[in-house]
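Asks:
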Amino acid sequence: MKQISQQFFDETVRANLELLDQSMDEAIEETIQSFTIEGVDLSNIIPDKIKHADGHPCENCYKSLVSVLNEATLDCMALETCLDEIERLSAIDLAHRKSIASQGAFKHLEFALKKCMESGERRSAIHVIKTTSALLVGQPELIREDGEDYLNRLTELLTKTAEAEVLNAETLDLLSELCHVLRVACLMNEPNRTRIAQSLVPSKTVDLLSRFELKTGIPELASQLLCIHEACTFLRSLTLDDDMSVEFGEGSANARSMASAGTAIEVLTKLAKDALSISSETCVADVFLALSSVITRDEFCRKFTDLEGMDIIFQTLLNYMNSAALVSGCLVLLRTVCGSDACKRAAGTWTSSRDSQDSGISGPQLVIKALERHLRNPVLAKHAAGVIAAMTLRQPQLAQKVVSAGAPEFLSKALELHMSDAATVRAICMAIRNCVSRSQDLRAAFLGQPCKTNYSVLNNSSSETGDVYELEALLNSALRIRGCADEAKAALRDLGCRVQLQERWRGNPPSTIRHNHCDNEDLIV
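Residues -4 to 520 (our numbering) are what the sequence shown spells out, left to right.
#1: Quick one: what does DSSP say Ser434 is sitting in, helix, strand or coil?
#2: Does the beta-carbon of His47 have 16 or more other beta-carbons within 10 angstroms, so that it is buried, or is it exposed?
#3: Only counting the same chain, and skipping five residues up and downstream in sequence, which positions put a Cβ closer than 6 Å to that of Val8?
#4: Would you report the Cα separation of His103 and Phe243, rounded to the nearest angstrom?
#5: Beta-carbon within less than 7 Å of Ile121's beta-carbon, same chain only, minus the 5 sequence neighbours each way: which residues are those?
#6: Please report the straight-line C-alpha distance between Glu411 and Ser272, rounded to a whole angstrom.
#7: Count the CB pairs spanning the segment 209 to 226 and the segment 249 to 256 that are closer than 8 Å, and state whether there are at least three.
#8: Leaving out the 5 sequence neighbours to the left and right, which residues in its chain are closer than 6 Å to Leu12 when beta-carbon positions are compared?
#9: Sort out for me which residues DSSP pairs Thr346 with in a bridge.
#10: Where does Thr(-3) sit, in a helix, a strand or coil, going by DSSP?
#11: How long is the line joining the alpha carbons of Leu69 and Val63, rounded to whole angstroms?
#12: Grouping DSSP H, G and I as helix and E and B as strand, with all else coil, what is Val35?
#13: Identify every run of the alpha helix (DSSP H) within the segment 155 to 187, keeping only runs that are complete inside it and at least 4 residues long; order them along the chain.
#14: Closer than 8 Å by C-beta to Gly478: which residues in its own chain qualify, once you throw out the five before and the five after it? Chain order, please.
#15: Would you identify the three-state DSSP class for Gly246, choosing helix, strand or coil?
#16: Please name the residue in Ala100, Asp79, Ile383 whose C-alpha comes closest to that of Ser530.
#17: Alpha carbon to alpha carbon, how far is Pro149 from Phe3?
#18: Are Leu60 and Cys77 touching if we call contact CB-CB under 9 Å?
#19: Would the beta-carbon of Pro208 fall within 9 Å of that of Asp269?
#20: Could you check which residue in Ser198, Asn317, Val322 has the C-alpha nearest to that of Leu263?
#21: What I want to know is whether the C-beta of Ile45 ends up closer than 8 Å to one or more non-hydrogen atoms of the ligand ADP.
#22: Can at least three beta-carbon pairs, one atom from the segment 228 to 246 and one from the segment 296 to 310, be found at a separation below 8 Å?
#23: Quick check on DSSP: helix, strand or coil for Leu204?
#24: Among Gln390, Ile290, Lys364, whose alpha-carbon lies nearest the alpha-carbon of Ala337?
#25: If we ignore side chains and look at the alpha-carbon of each, how far apart do Glu536 and Ala100 end up?
#26: Once you ignore the five residues that flank Ser247 on each side, which residues in its own chain have a CB closer than 8 Å to its CB?
#27: Quick one: give me the first and last residue of the alpha helix (DSSP H) that Thr300 is part of.
#28: Once DSSP output is grouped into helix, strand and coil, what is the label at Gly478?
#29: Is Leu406 closer than 9 Å to Ala365 when the C-beta atoms are compared?
#30: Give the straight-line distance between the Cα atoms of Ile423 and Met316, rounded to the nearest whole angstrom.
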């Protein structure tokens, strides 16, 4: 979409005031409507900026910041007042953030951070970094373009602070804000992500996580948990490929580098065990999601399994079945690990019982139980279906276990409940397809009997029990959902139902091409 400058918008408002004899509010509304009709993107415009004759608050707060920083002695109270105002304005919308940043705010925030660290005012430094994060949302490129030295200063500060001998609450809070601001800088910005990934920051962050000893009753526990949360989300941001302005992202390469060059998997696995020992559900979920981002290869899946990772996942799922956040983390990590055939077999044979005479509850049963418990949650239904799809892919023995655990009933119910959520529908269709693709005898579990539109079977059937879950009708409805047709067709096809498949490309050779064995007939295409 087209964009215009704030100056041009204000000039148009003034023209409407003069030509149309309108009030200020009417002129602003008329200008907004005119540009909207023309297809102009006004996300970078502050409509009422022209109404502030003495300067808009975005301009005034910037001037106040410059004034405070020009003083010979740093006034921390005045500085924090300015920072609070910048944060308040930044929270309004992107236009306010752009207005503040366009005046050179990042360079002055860098100078403020430098002065705070030199004077030993760590709390003020933390506030400066927090304000930087608020201002950076939606415009991460500016920290590189308008404040290149600032990005270097932030990465160097994190590297240095992570090596501190004592991790007290103040140091941990500083590290938390540094991880947060670097995460914001990475989001949807591949140049920033690449620059940070190639520095010492990822390895130092993993080393930092290895130093935590989580124990209840210590005064730093809250700061430790916050730091773990920010560090894990920061590491995940390095593995994303979300910048549409570049042809290829390096997120997968960054994940592979963290997993292979260091001890990220070992550190995160130990951290998950420690977090479970103090029953910190949020911390465990954070660590599980970080692990799922780092584990990108078969050897990494097997390394995690060798560290008793499968037992950690299923015991967590068993003990925290009612926690939506933790169940989500378990399912996401389990789906990732089940990308390895060896690991999915380990998941399929896992059991909660240590007694050979007591079968206990199995891994597939726990996954189905999680789906049943959180059936109305579309996100958890999607994750559970994703685990089923990954676990049963090319594994007919596991498909039998999953189906025996009740997958047909709850996948059908989930499909009926979440027909409006395309991502969940796709995941459920793939789960159904993988369950029956190599095990045609399992079709009856989903349809009550071989599908009634499979005429070769129908002619040999003497009785009909009907589609007990109405799954065929649900899948045919899914065909009409945008983005779900391929998965729904795959499920219908492997269930033995009638489905109309289309050849996407049949070629278009020249009409002069003929069969070698037939001189008088054109090639039929």
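Virtual Cβ for every residue (Gly too), placed ideally from N, Cα, C.
Replies: So, to answer that:
#1: What you label residue 434 is simply residue 439 of the sequence shown in a count that begins at 1. Ser434 falls in the coil class under three-state DSSP.
#2: Walking along the sequence shown from the start, residue 47 turns up at place 52. With fewer than 16 other Cβ atoms within 10 Å, it is exposed.
#3: Taking the sequence shown and counting its residues from 1, the one referred to as residue 8 is at position 13. Same-chain partners within the cutoff: Ala22, Ile23, Thr26, Ile45.
#4: As a first step, residue 103 is located in the sequence shown; it is residue number 108 there, counting from the start. As a first step, residue 243 is located in the sequence shown; it is residue number 248 there, counting from the start. Looking at the two C-alpha atoms, the distance is approximately 33 Å.
#5: Translated into the one-based positions of the sequence shown, residue 121 becomes position 126. These residues qualify, in order along the chain: Asp168, Leu169, Glu172.
#6: Looking up residue 411 in the sequence shown gives position 416. Looking up residue 272 in the sequence shown gives position 277. Each residue's Cα considered, the two are about 39 Å apart.
#7: no
#8: What you label residue 12 is simply residue 17 of the sequence shown in a count that begins at 1. Ala22, listed in sequence order.
#9: Counting from one through the sequence shown, the residue named residue 346 turns up at place 351. In the DSSP output, where bridge partners are listed per residue, Thr346 has Ser357.
#10: Working through the sequence shown from its first residue, we reach residue -3 at position 2. Checking the sequence shown, residue -3 turns out to be Lys, not Thr. Correct three-state label for Lys(-3): strand.
#11: As a first step, residue 69 must be located in the sequence shown, where it is residue number 74. As a first step, residue 63 must be located in the sequence shown, where it is residue number 68. Computed Cα separation, rounded: 7 Å.
#12: Along the sequence shown, read from residue 1 onward, the residue named residue 35 stands at position 40. Strand, per DSSP.
#13: 164 to 181
#14: Your numbering for residue 478 matches position 483 in the sequence shown. For Gly478, where only same-chain residues beyond five positions count, the Cβ hits under 8 Å are Ala417, Arg421.
#15: Looking up residue 246 in the sequence shown gives position 251. It is helical.
#16: Outside the modelled stretch of the chain, which goes from -4 to 520, sits residue 530, for which no answer is possible.
#17: By 1-based counting over the sequence shown, the position of residue 149 is 154. By 1-based counting over the sequence shown, the position of residue 3 is 8. The sequence as given places Leu at residue 149; Pro does not occur at that position. Each residue's Cα considered, the two are about 36 Å apart.
#18: On the sequence shown, position 65 is the one that residue 60 refers to. On the sequence shown, position 82 is the one that residue 77 refers to. Yes, Cβ-Cβ distance for Leu60 and Cys77 is below 9 Å.
#19: The count along the sequence shown starts at 1 and reaches residue 208 at position 213. The count along the sequence shown starts at 1 and reaches residue 269 at position 274. It is Glu, not Pro, that sits at residue 208 in the sequence shown. It is a contact, given that the beta carbons lie within the stated cut-off.
#20: Counting from 1 along the sequence shown, the entry for residue 263 is found at position 268. Leu263 has its Cα closest to that of Ser198, out of Ser198, Asn317, Val322.
#21: You won't find the ligand ADP in this model; it holds no ligand whatsoever.
#22: no
#23: The sequence position of residue 204 within the sequence shown is 209, counting from 1. Leu204 falls in the helix class under three-state DSSP.
#24: Sequence index remark: in the sequence shown, residue 337 carries index 342 (1-based). Answer by Cα proximity: Gln390.
#25: Given a span of -4 to 520 for the chain in the structure shown, any question on residue 536 remains unanswerable.
#26: Within the sequence shown, numbered from 1, the residue matching residue 247 stands at position 252. Answer for Ser247: Thr234, Asp236, Thr291, listed in chain order.
#27: Locating residue 300 in the sequence shown gives position 305, where the first residue counts as 1. Per DSSP, Thr300 belongs to the alpha helix (DSSP H) from 293 to 301.
#28: The sequence position of residue 478 within the sequence shown is 483, counting from 1. For Gly478, the three-state secondary structure derived from DSSP is coil.
#29: Mapped onto the sequence shown, residue 365 falls at position 370. Mapped onto the sequence shown, residue 406 falls at position 411. Contact flag unset, no.
#30: The sequence position of residue 423 within the sequence shown is 428, counting from 1. The sequence position of residue 316 within the sequence shown is 321, counting from 1. Roughly 21 Å separates the two Cα atoms.
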